[in-house]
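Protein chains: 2
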Amino acid sequence: MTKGEETRQRIIEQAAPVFNQRGFAGASMQDLLDATGLEKGGLYRHFPSKQALAAEAFRYAVARNSKIRTAHLDEIASPVAKLRAHIDHFVTKPSCIPGGCALLNTAIESVDTNPELRELAVEAMEGWRTRLMKIIQAGKRAGEFRANTNPRTLANTIISTLEGALMMSRLERTRDPMRDAQSSLDALLTLYSEA
Amino acid sequence: MTKGEETRQRIIEQAAPVFNQRGFAGASMQDLLDATGLEKGGLYRHFPSKQALAAEAFRYAVARNSKIRTAHLDEIASPVAKLRAHIDHFVTKPSCIPGGCALLNTAIESVDTNPELRELAVEAMEGWRTRLMKIIQAGKRAGEFRANTNPRTLANTIISTLEGALMMSRLERTRDPMRDAQSSLDALLTLYSEA
């Protein structure tokens, strides 16, 4: 990495929590300058616009979260156990970037206001679902899931339930909704894996 | 209603979609003036601040959604059927106010930035969960749910799954995640109501 690339990466990492906590519209230029310790000219030297910086900060946040939430899954042989471990990672490891789940936050804010950020959120959502669907399909082939298990339905339900529970847990400042989501998803996985 | 009260109510109804689509930070004074057709002075005559108007718009949106989503539930005798009808209302009747679910949107934006709006979202969430828990408790007394069904866990799971699925459906512009959520919640309700 050149010195310029290093600075660029540092700016992205320092801006990510600002966008994640305050939203794109809520993050002011002053918030970003405070977080990065730069002058306006210094920031614009690396990013042509707030939009360009927000896009990079989102990509960075998604990559970080994805890495943490899928860590060590390859070491687990059973597809059902893999899904349970993924759910457990989501429930027990809070987002590494302050402000909760960047995908959820960006999806909510961008839908009616920011097509470019929305597109990035759509891609991240597709990536997550595809990953879960592949595990579920492997589980069907291995006979761990009932033959009539719909991979998309189950993958979408896991994502919906986890993201909705994260929203509730952050709002209410209690881990109860996350634990409740895990317990219900566990029951659902057992249901779909019973012969 | 006096003429002043009528104007105030009209402003709330016209501002609600602006806040719901653009968020509190994203809704500019100009957006609010455009939506209400007022001059700045006219708006401030009725509301001392953007915050005060946003709080009333949120209360209005929650009351409208709650009315639609619990309509006719009293006419259904069986608690399990009541829950299924509630889920069906949520899945089939899109929010009456453009921009999706005001509770979800406000929860996400307010958590780290706006204590007053967060407090209103906490109250709305508690109201929704309490309502669902009462139905589940009635279902346990009537023998429709297994004795070991945890009312809070099931209520939180219904809310998480629906809200997460609404986020996905709006992001991806397809009803699939909502239908998938309904199908999974149906399976879960059947599981908890089997003897």
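Which chain is which? The protein sequence lines are C and H, in order. Heads up: the first sequence begins at 0 in numbering that gives the first Met the number 0, then just goes up one per residue. Heads up: the second sequence begins at 0 in numbering that gives the first Met the number 0, then just goes up one per residue. Heads up, the beta-carbon is just placed ideally off N, CA and C, and yes, glycines get one too.
Contact fails between the stretch 56–64 of chain C and the stretch 133–146 of chain C, because fewer than three Cβ pairs, one in each stretch, are under 8 Å apart. Interface criterion met: the Cβ of E171/C is under 8 Å from a Cβ in chain H. A70/H does not reach chain C, its nearest Cβ partner there being about 22 Å away, counting only Cβ pairs nearer than 8 Å. Chain C has no Cβ within less than 8 Å of the Cβ of Q50/H.
Judged by DSSP in its simplified three-state form, N64/C adopts helix.
Under the Cβ distance rule, A180/C counts among the residues neighbouring chain H, one pair being separated by less than 8 Å. Non-local beta-carbon contacts of T69/C in its own chain, meaning distances under 8 Å to residues more than five positions away in sequence, involve H85, H88, R130 in chain order. Neighbours of T129/H in chain C, taken as residues whose beta carbon is under 7 Å from its own, are absent, since the nearest beta carbon is some 13 Å off. Considering only beta carbons, the part of the stretch 73–100 of chain H lying closer than 9 Å to chain C consists of P97, G98, G99, in chain order.
In this structure, S159/H keeps its C-beta atom at 8 Å or more from the C-beta atom of A24/C.
Per DSSP, the continuous alpha helix (DSSP H) segment holding A84/H begins and ends at 78–91.
Look at A146/H here: in three-state DSSP terms it is coil, with no helix or strand label. C-alpha of E125/C to C-alpha of F144/H: approximately 36 Å in a straight line.
In this structure, A164/H sits away from L190/C, with a CB-CB distance that is not shorter than 8 Å. Annotation for H45/H: the continuous alpha helix (DSSP H) segment containing it runs 39–45.
The beta carbon of I134/H sits closer than 7 Å to the beta carbons of P78, K81, L82 from its chain, once the five residues preceding and following it are set aside; these are given in chain order. Assigned with DSSP and collapsed to three states, A15/H falls in helix. Selection S48/H, P16/H, R44/H, P47/H evaluated against D33/H yields P16/H as nearest (Cα-Cα). For E162/C, the nearest CB of chain H lies under 8 Å from its own CB, placing it at the interface with that chain.
For T35/C, same chain residues with a beta-carbon under 6 Å away, outside a window of 5 residues either side, are I10, Q13 in chain order. The beta-carbon separation of D175/C and N155/H, rounded to 7 Å, stays under the 8 Å limit for a contact.
I75/H and V121/H have their C-alpha atoms some 28 Å from each other.
The three-state secondary structure of P97/C, taken from DSSP, is coil.
When rounded, the separation of the alpha-carbon atoms in N19/C and P97/C is 7 Å. In the three-state reduction of the DSSP assignment, R172/H falls in the coil class, being assigned neither a helical nor a strand state. Between D185/C and chain H, the shortest Cβ-Cβ separation is not below 8 Å.
For I75/H, the three-state secondary structure derived from DSSP is coil. Chain-order list of chain C residues neighbouring Q20/H: V110, D111, T112, by C-beta distance under 9 Å. In this structure H71/H is exposed. Its beta-carbon is surrounded by fewer than 16 other beta-carbon atoms within 10 angstroms.
In this structure, the straight-line span from the alpha carbon of L103/H to that of T1/C is close to 42 Å. Residue environment: T91/C is assigned as exposed (fewer than 16 neighbouring CB atoms within 10 Å of its CB, all protein chains considered). S168/H counts as buried, since no fewer than 16 other beta carbons sit within 10 angstroms of its beta carbon. When Cβ-Cβ separations below 8 Å define contact, N104/H makes contact with chain C. Residue-level contact by beta carbon holds for A24/H and chain C, with a gap shorter than 8 Å.
The CB of R151/H comes closer than 8 Å to the CB of D175, D179 in chain C, given here in chain order. DSSP places T160/H in the helix class (H, G or I) of the three-state scheme.
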